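A.B. asks: Residue numbers for the sequence shown follow the working numbering, so the first one is 336 and each next one is one higher.
Quick one: the structure is below, and I'll ask about it shortly.
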Amino acid sequence: PQPFHSYPFSTSQALVSTHVCRFATISLEDEAAKMAKRKGQPLSMSQSATSAMFGGLCNVIAGQPFDTIKVRLQTQGTREKKLYTGPFDCFFKMVRNEGIFSLYKGTSGAFASIMTENVVLLTANTGIKAAYQKYCIRGGDRPLSFSEHALCGGLAGIFSAVAITPAEVVKVRLQVSRGGRCAAAKGDVHQYRGPIDCVRRTVRAEGVRGLFRGLNSVLARDLPFNCVFLSSYEMIIHGMLTLRGGENRAAANKDELSSLEILLAGGFAGTIGWAFVFPVDVLKSRLQTSKIKNQGMVPVARAILATEGIGAFYLGCSAALLRAFPANAGLFFGYEMAQRMLFR
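Okay, structure coming up:
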């Protein structure tokens, strides 16, 4: 038999074949153009919220044990009544006296808190950046500067602080509730059977306002934190893209970065942010676990300084910084990878 290419084609068959090839080529080119356009486009708020849920899940899994140790160190009391000498001592004593799962105390509260925080924060940040670019930048055709990223992050922090305070109160109270062989002595922090019991007893004793205890300190922590955190992330991403191919590559899309680079950028940004605001986080933990109602930040800060010294404002700092890297690496890894898989 003759080879396929040697069979004669009529003029009409040749025209049909030409049109089919041309249509296929145009379709492929259109699809490639659409994909390139999608890569450069910012996410919608619903897409950002979905991606933030995956990021929050990775954040909780990676960071919860470090967070529990940090809160125990922050709230352990004065020099004379200290239970732990440092993060490693706290880790071994908790595991020995209360079991390995004590490191995940308050996980339900943390999960609610971190999922709420990240969904609200990253969604609000996406919306605020889009609004800023539309209404404050002429033409809306240039990327935001690092200072503008910081401003948008700080404004987004207001929304997240209000949203997470009730879950933060529950999480912190569960974390300092000691059980097992280390059960609280008389007059020590209350024991709670779980998050629902904690909410019920808090509302019964303090009213609904009790769930918002320490809101001022959460705002004082989260506004500067998110300014530094989100702008640091953008700066590190910009630096990585620049290193990949010079200044002309700095405006390239972050989708080109590897998983390792995203993990490193998120981890370093989180560590920088926490180092900046840690003393305020100590105040927040003290306010939310104190038995004295309606305390202000300034009286609590003065009392800590008078009875425990300046070092008390850095209790648990090593645990917080140890947590900050894996937790925020996980946050941005989940957030960016979800975007790539679902929306790119």
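In this text, a Cβ means the ideal position worked out from N, Cα and C, and glycines have one as well.
Because the structure is a prediction, the values reported are computed rather than measured.
Tell me, please, whether the segment 442-455 touches the segment 483-490 by the rule of three or more beta-carbon pairs shorter than 8 Å.
C.D. replies: As far as the Cβ criterion goes, the segment 442-455 does not touch the segment 483-490, which means the pair count is below three.
A.B. asks: Considering only the beta carbon of each residue, do G545 and Q623 sit closer than 7 Å?
C.D. replies: The answer is no: Cβ separation not under 7 Å.
A.B. asks: What does a CB cutoff of less than 6 Å around Q382 pick up in its chain, not counting 5 residues either side in sequence?
C.D. replies: Once the five neighbours on either side are set aside, the close Cβ partners of Q382 are F678.
A.B. asks: Cutting at 8 Å between CB atoms, please list the residues of its own chain near F668, excluding the five before and the five after it.
C.D. replies: Excluding residues within five positions, the ones whose Cβ falls inside 8 Å are G390, C393, S594, I597, L598 and G601.
A.B. asks: Count the other C-beta atoms from every protein chain shown that fall within 10 angstroms of the C-beta of V563, then say buried if there are 16 or more, exposed otherwise.
C.D. replies: It is buried - the Cβ of V563 has at least 16 other Cβ atoms within 10 Å.
A.B. asks: How many whole angstroms separate the CB atoms of L565 and G488, which I take to be in contact at a CB cut-off of 8 Å?
C.D. replies: Yes, L565 and G488 are in contact; Cβ-Cβ is about 3 Å, under 8 Å.
A.B. asks: Hey, D557 and G651: beta-carbon distance below 7 Å or not?
C.D. replies: No. Outside cutoff.
A.B. asks: Just curious, the alpha helix (DSSP H) that K619 is in, first and last residue?
C.D. replies: Unbroken alpha helix (DSSP H) run through K619: S594 to T624.
A.B. asks: Looking only at C-alpha atoms, which of R675, A673, A662 and Q674 sits nearest to G398?
C.D. replies: Of R675, A673, A662 and Q674, the residue nearest in Cα terms is A662.
A.B. asks: Mind reading off the beta-carbon distance from V617 to F560? Whole number of angstroms is fine, and I expect it under 8 Å.
C.D. replies: Between F560 and V617 the Cβ distance is about 14 Å, and since that is not below 8 Å, they are no contact.
A.B. asks: Quick one: what does DSSP say Y419 is sitting in, helix, strand or coil?
C.D. replies: Residue state, collapsed to three classes: coil.
A.B. asks: Whole angstroms is fine: what's the gap from S495's alpha carbon to L456's?
C.D. replies: Computed Cα separation, rounded: 5 Å.
A.B. asks: Determine whether the beta carbon atoms of K405 and A636 lie at a separation below 7 Å.
C.D. replies: No, the Cβ-Cβ distance between K405 and A636 is not below 7 Å.
A.B. asks: Output the boundary residues of the alpha helix (DSSP H) element that contains E541.
C.D. replies: That run of the alpha helix (DSSP H) goes P530 to E541.
A.B. asks: With DSSP run on the structure shown, which of helix, strand or coil describes N288?
C.D. replies: A question about residue 288 goes unanswered here, because the residues of the chain that appear run from 336 up to 679.
A.B. asks: Please classify R477: does DSSP put it in a helix, a strand, or coil?
C.D. replies: R477: coil per DSSP, three-state reduction.
A.B. asks: Would you call the CB atoms of A387 and Y670 closer than 7 Å?
C.D. replies: The answer is yes: Cβ separation under 7 Å.
A.B. asks: Compute the distance between the beta-carbons of K506 and V553, then report whether it is under 7 Å.
C.D. replies: In this structure, V553 does not lie closer than 7 Å to K506 by Cβ.
A.B. asks: Which class does I627 belong to by DSSP, given the choice of helix, strand or coil?
C.D. replies: Note: I627 maps to coil in three-state DSSP.
A.B. asks: From this set, H573, F660 and Y649, which residue's C-alpha is nearest I607's C-alpha?
C.D. replies: It is F660.
A.B. asks: Anyone know if the C-beta pair for S448 and A502 falls short of 7 Å?
C.D. replies: Yes, these two residues count as a Cβ contact at 7 Å.
A.B. asks: Which first and last residues belong to the alpha helix (DSSP H) in which A664 is found?
C.D. replies: It spans C652 to F678 - the alpha helix (DSSP H) in which A664 sits, taken as one unbroken run.
A.B. asks: Any idea what DSSP makes of S443, helix, strand or coil?
C.D. replies: In the structure shown, S443 sits in a helix (DSSP, three-state: H, G or I).
A.B. asks: Between which two residues does the alpha helix (DSSP H) harbouring F389 extend?
C.D. replies: Its alpha helix (DSSP H) spans residues M380 to Q409.
A.B. asks: Output yes or no for whether 7 Å exceeds the beta carbon distance between T403 and Q526.
C.D. replies: No.
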